[in-house]
Amino acid sequence: MENGLETGAIPVADPSADAEDAQPTREELLLKKKHFPFMELPSELRLNIYRMALCRPKPILLHMPKPAAKESDERDEYEVSELWDGDNPVTLGLPPRPGRRPSSPRAPRPGGRTFARRFEVKQQLPHNVNTEPLVPALLRVSQQIYREARPVLYSDNELVLHLPSALCTLNGLHQRSRSLIKHVHLTIPTHHDILEGFADLVRLGLRYCWGLKTFTITLPDMFPEERSVPSSTTNVYANAFHILRWLPKATVVRLEGNVQEEIRKVVEENGRLAMALNEVKYLRRQHQMPERR
217 MENGLETGAI PVADPSADAE DAQPTREELL LKKKHFPFME LPSELRLNIY RMALCRPKPI
277 LLHMPKPAAK ESDERDEYEV SELWDGDNPV TLGLPPRPGR RPSSPRAPRP GGRTFARRFE
337 VKQQLPHNVN TEPLVPALLR VSQQIYREAR PVLYSDNELV LHLPSALCTL NGLHQRSRSL
397 IKHVHLTIPT HHDILEGFAD LVRLGLRYCW GLKTFTITLP DMFPEERSVP SSTTNVYANA
457 FHILRWLPKA TVVRLEGNVQ EEIRKVVEEN GRLAMALNEV KYLRRQHQMP ERR
């Protein structure tokens, strides 16, 4: 015997002591009551909750203003954009990458320039943009919720882009998020914007939205003086729509508003070739100069 115990015997702990240790404290009980076991819900129910928080029947404006030079470094850790629901923009950010300390993205200050910018954006948007509140902060709760809810936000909604900031907005998204976008609506205010920003948006932005299914283009009051515009001048803007060949092959382009017949023919021709050509020929055609009309 050693110390009153037989050699090889297993000491038995006092059960009353274990019972005392197993009892949760008052603070633990209060903390447990405050947390709802959301992840224990069935996946179908969680998806319905995501849709209620992130999906709307009307198009949602996806807008990220161009950051100043001194702010660009601070935004590197986040995927930042503004999802406008009516008059109230909300900032959507991703969880920071592991091992790096993020800096909080700056919210737009309600100054004169900010209000002027928002007014300009509203003037160039469809009239049926969503005005109901969204809850994009849900994506920042945890990585698992982010992975489950992100496809609901980007794939189940029709997103409206503001032409002056559209390329900046898409470039600010992670490629995985861009690939989830399925429906995009763009308004081109004047025929001048076709040559200035539209081509870059398609070739450098929408080109990488690999899951894009529909691209709706609204052309309000395209040519106010259309009777006095020479046919050759109209063809210059119609030929600019050949840039649509950079869109994913499965994308269907829809035109709305006052569309010139020459523009409609170019868009229909691009759609016909997308249906007729195989994947290799379609990609090869993207690098070929289109024939001028």
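The opening residue of the sequence shown carries number 217 in our numbering; numbering runs sequentially from there. Glycine included, each C-beta is placed from N, C-alpha and C at the ideal position.
Taken through DSSP and simplified to helix, strand or coil, residue 252 comes out as coil. Counted as a single uninterrupted DSSP element, the beta strand (DSSP E) harbouring residue 400 occupies residues 399-403. A residue is called buried when at least 16 other Cβ atoms come within 10 angstroms of its Cβ; residue 490 meets this threshold and is buried.
Taking C-beta separations shorter than 6 Å and ignoring five residues to either side along the sequence, residue 256 has no partners in its chain.
Contact between residue 411 and residue 456 holds: CB atoms are separated by about 6 Å, below the 8 Å threshold. The criterion of a C-beta distance shorter than 8 Å is satisfied by residue 400 and residue 375. Residue 259 and residue 243 have their alpha carbons spaced roughly 31 Å apart. Residue environment for residue 421: buried (at least 16 other C-beta atoms within 10 angstroms of its C-beta). For residue 419, the enclosing alpha helix (DSSP H) covers residues 415-420. Between residue 460 and residue 345, the alpha-carbon positions lie close to 24 Å from each other. Distance from the CA of residue 397 to the CA of residue 348, rounded to the nearest whole angstrom, comes to 20 Å.
Between the stretch 461-477 and the stretch 424-439, the count of C-beta pairs closer than 8 Å reaches three or more; the two stretches touch. Within the same chain, 396 come within 8 Å of residue 367 by CB-CB distance, once the 5 residues on both sides are set aside. Nearest to residue 476 by alpha-carbon distance, out of 359, 452 and 270, is 452.
Residue 470 sits in a strand when the DSSP states are folded into three classes. Between the C-alpha atoms of residue 381 and residue 241 there is a straight-line separation of about 53 Å.
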